[in-house]
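Under this note's numbering, think of the first position of the sequence shown as 161, with each following residue one higher. Cβ coordinates follow ideal geometry from the N, Cα and C atoms, glycine included. Here the structure is laid out as structure tokens; the discussion comes afterwards.
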Amino acid sequence: MQKSVFLLVLTVFLLLAYNLKAENNVSSAVTESYQGFTADLDTESVIGFTNFLTNGKLDVVTYSFVKEKKHDKYTEYFGTLMKNRDFDTDITDFKMNGLSGNDVLVVYTRSDNSRYFAIYHIKKTKMILRATHEAQTDEICWMYNNRIYSLFVANGEVTLNIYNRKFKLKKEKRFDLARVAAVAYTYIYGYAPIAEMQKAYDQTNPTADSVYAPTNELYISTEIDTPDSELFVSPNVNVLYSSSHMDLTAEPMVLYTPSIQDRYFVWEIMDAYTNAANYIGSRVTGGVEGTYAIVGPNWTGTLPDGYTQITSATNSVWMVGRHEVTPGSQEDFDAAQTLVESSVFLPLSEFITRNPDYVNPIINKPGKTIKELDISGLNFFTLLNEWLTQNPPPAADAEAEQIMTTIGVGVGSTTDFNALSKSEKADFTLGVELGFALIRLQTLTAVTSFNGWGYTLDSNFGNWGIDYLLRAAVARDGLAANVNAEAIYPVRIVGPDYLPLKGSYSYTLTFTADQLPVPVNSNGFWSITMYDRNTGTLVVNSINRYAIGNQNDLILNEDGSLTLYIQRDDPGGEMTNNWLPSPTTDDSFYMLFRMYYPDNEAISPMSNPDWQIPNLERSDI
């Protein structure tokens, strides 16, 4: 079999293998049906992937809510849809709590490997069957822009069928097998590097993004996040952010950090492929005073005495700083900002000759805006060629480079993709669609549930190696993710009843005395932050408390346990200290349990089952 044929077949079977992998990922300690999720607020459709333990019945449910026409918003539902039910069961009696979406796409896979495809229409909370389809062998189906795409391999050819929502065939195309395979592979490979390239462009040019500092200069945050903050989805109210995009071609960049022992901090240093390969801060360097020279792969100079060299694999580098702050405290925020300003960051030549009193300036964004970087369509591959040429891939990527070369992508390539023929462009379009579908699906296997909290446990998380698919999936939903040793972020979107977390319900989270303290290093911290499910912003509340954790003055119960109250009403008395207010409306929300500088027992509840985040409990029933 030719290598290109094998590649696409492998790509197709990757999707089928996800079902098996998701099932095998389930620990014997897990008894819930809920397994994982993803939510995308930036594309035309919101895709959710949920794995169910079904005792040989329904194995996998995949569903997608498209953009609402009336309100121009996105919504999604995660829960026990079809839990332990046969496909042939009358499905019209299932209710979808809290759903306001327009259309939903569902893909079923049964234990006998027969595959079914169904479209449903949502009216209020009732689900009405619209169409069913028995899929082809080894078929991949997904929904995009209100069209159903069906891709399958037969007789050495790739066939794409396009249907409307009633499963009426719109058109059929045949594609070049080798080219589609290589495009899908290249799109997955390039997704994270291009995401970083776009972030560097946005944050070093005066675009609509309010984060701004020129290349090789330091952006320092000046505002505490509030529910009105919309720059980031799921903002972290526990840290002050700083950021710099570097070009090390000419000379190294130098970071001096003073001794910081009274608060957690970290400088995460990523290469051009989003690998968080180097760290400075509380965990790695002990928070001691130090001078660090970040040098490119080809630099051959000599550093002055007392400098610690950090060698980047690429000349393009993204450094993200996080300094702990007490949520809601302007005084503490100002103190953290002063620390960042005193952490001098300059090119080597300027650092050596700087004034001893130099502090990093707060950079104001210019009023003028410029056109944002266009990474859509074929321009994605043109930009990827530029990024690869500036930042040649590591030796471990040699096989990937060989595959990408077949479609004109690689170091030094100047391929004019706009000059491709009509059929070639069709192959590229399909390859991108397939690549993006696989990236979305990867989220299923990237999340494992313990007590209803979704963890990402991959050992190479944050420093990806050749796991290009995981790298792409995380870049899509969590660009600049830390390695697990630095921070973990278990997520919670459903209650113990598997219904979406909602403001009309009341919850408690209780740590027994044996589960305390939460296993983070004494120089780290933990917190739970609440976000609106539809917008990803902080939840408005009367006491302006958006997170709760060890930075709060928490009250223990008489037996030494700790109960947190997650509800709309103040529990009253001293237990107000333990209150994380939820929406006063019936709106849905989700929570992130952040642990910075976690102990080993927190990082992997699979191998250390003695400590897991407790399950939520409903206190209103």
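- When DSSP states are grouped into helix, strand and coil, Leu378 belongs to the coil group.
- The residues Trp686, Asn710, Met755, Tyr756, Tyr757, Pro758, Asp759, Ala762, in chain order, have a CB closer than 8 Å to that of Val680 in the same chain once the five nearest residues on each side in sequence are set aside.
- Per DSSP, the beta-bridge partners of Leu400 are His483.
- Taken through DSSP and simplified to helix, strand or coil, Phe621 comes out as coil.
- The C-beta separation of Ala586 from Phe335 comes to about 7 Å, placing the pair in contact by the 8 Å criterion.
- As DSSP reads the structure, Val455 sits in a beta bridge with Thr471.
- Per DSSP, Met755 is not a residue of any alpha helix (DSSP H); the beta strand (DSSP E) it occupies stretches across 749-758.
- Here the C-alpha atom of Leu776 lies approximately 18 Å from the C-alpha atom of Asp746.
- Rounded to whole angstroms, the Cβ separation of Phe511 and Leu378 is 13 Å, and the two are not in contact under 8 Å.
- Per DSSP, Phe577 lies in no beta strand (DSSP E) and is assigned neither H nor E.
- The Cβ-Cβ distance between Tyr416 and Ser503 falls below 8 Å.
- With a cut-off of 8 Å on Cβ pairs, the region 514-531 is not in contact with the region 430-446, counting fewer than three such pairs.
- DSSP places Leu533 outside both helix and strand once states are collapsed to three, so it counts as coil.
- Spanning the alpha carbons of Gln602 and Tyr518 requires a straight line of approximately 46 Å.
- In terms of Cβ geometry, Met690 and Tyr706 form a close pair [threshold 8 Å].
- Val592 is classed as buried because its beta carbon has at least 16 other beta carbons within 10 Å across all chains shown.
- Put simply, the backbone Cα of Pro553 is about 47 Å away from that of Asp674.
- The straight-line gap separating the alpha-carbon atoms of Glu646 and Gly684 is approximately 9 Å.
- Under the DSSP definition of a beta bridge, Asp407 partners with Ser476.
- When C-alpha distances from Arg693 are compared across Asn712, Val678, Ile653, the shortest belongs to Ile653.
- Secondary structure at Gly733: helix, using DSSP grouped into helix, strand and coil.
- Our two residues, Ile563 and Trp478, have alpha carbons roughly 27 Å apart in a direct line.
- When Met735, Ala579, Leu408 are compared, the shortest CA-CA separation from Glu718 is found for Met735.
- Closest in alpha carbon position to Gly612, among Gly655, Ser664, Tyr467, is Gly655.
- The shortest C-alpha to C-alpha distance from Ile429 to any of Glu449, Gln421, Pro418, Leu408 is the one to Leu408.
- Sequence-distant partners of Ala344 (beyond 5 residues in either direction) whose C-beta falls short of 6 Å from its own C-beta, in its chain, are Thr171, Gly591, Leu594, Gly595.
- Beta-bridge annotation (DSSP): Lys662 is paired with Ser748.
- Here Asn611 is not bridged, per DSSP, to any residue.
- A residue is called buried when at least 16 other Cβ atoms come within 10 angstroms of its Cβ; Thr549 does not meet this threshold and is exposed.
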